[in-house]
Amino acid sequence: MARHKTYDCSSGCPVSATLDVIGGKWKGLILYHLLEGTLRFGELRKRIPDVTQRMLTQHLRELEESGLVHRQVYAEVPPRVEYSLTPQGQTLRGVIAALKSWGETYLGRKAPEQAASKRRLAAVAGR
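UniProt numbering numbers the first residue of the sequence shown as 1 and each following residue consecutively.
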């Protein structure tokens, strides 16, 4: 992914640029967990158990290339690598918080709909 991709700036250009940088299944979760502070690769894997090692590595590299994540390698045996948000990455705090809030509202609204749907299916199956 190119760090400075050019955009044909229509009205949705800033949204497109933002989604190019933080979009995808795992980047938002990586950023969310790094908002708590510096984490090692293994700690990120534990916090995001469904992500494969390959995908986590790929997304961390892309976030680093975009200037949002800092990768610190320590010359130790075994090697220690820590990830943290850069000052630019920290500017996403409000965006990630808004996504979390929206998700909580969405899931809260979705749960009663799913329960009602299950009741309807149970009633139909019981006939």
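No residue lacks a Cβ here, since even glycine has one placed at the ideal position from N, Cα and C.
Would you tell me roughly how many angstroms separate the C-alpha atoms of residue i and residue j, rounded to the nearest one?
i: L60; j: E113; result: 36 angstroms
i: A122; j: R80; result: 53 angstroms
i: D50; j: G24; result: 14 angstroms
i: R54; j: E76; result: 23 angstroms
i: S101; j: T18; result: 18 angstroms
i: R119; j: R109; result: 16 angstroms
i: L107; j: L99; result: 12 angstroms
i: I48; j: A97; result: 18 angstroms
If you measure between the beta carbons of residue i and residue j, is that distance less than 8 angstroms?
i: L68; j: V21; result: yes
i: R93; j: L39; result: no
i: R71; j: E64; result: yes
Using 10 angstroms around the beta-carbon of residue i, count the other beta-carbons present and answer buried if the total reaches 16, otherwise exposed.
i: Y83; result: buried
i: G66; result: The amino acid at residue 66 is misidentified as Gly; the sequence shows Ser. By the neighbour-count rule (16 or more Cβ atoms within 10 Å), S66 is buried.
i: M1; result: Because M1 carries a pLDDT of 44, less than 50, the predicted location of this residue cannot be relied on, and the following value inherits that uncertainty. Exposed: under 16 other Cβ atoms inside 10 Å.
i: G37; result: exposed
i: residue 154; result: There is simply no residue 154 to check, as the chain begins at 1 and stops at 127 in what is shown.
Rank the options by C-alpha distance to the C-alpha of residue i and give the top, closest one.
i: V15; options: V95, Y106, L107; result: V95
i: H33; options: Q90, A125, Q58, V124; result: Q90
With three or more C-beta pairs closer than 8 angstroms as the rule, is the stretch 43-61 touching the stretch 23-30? yes
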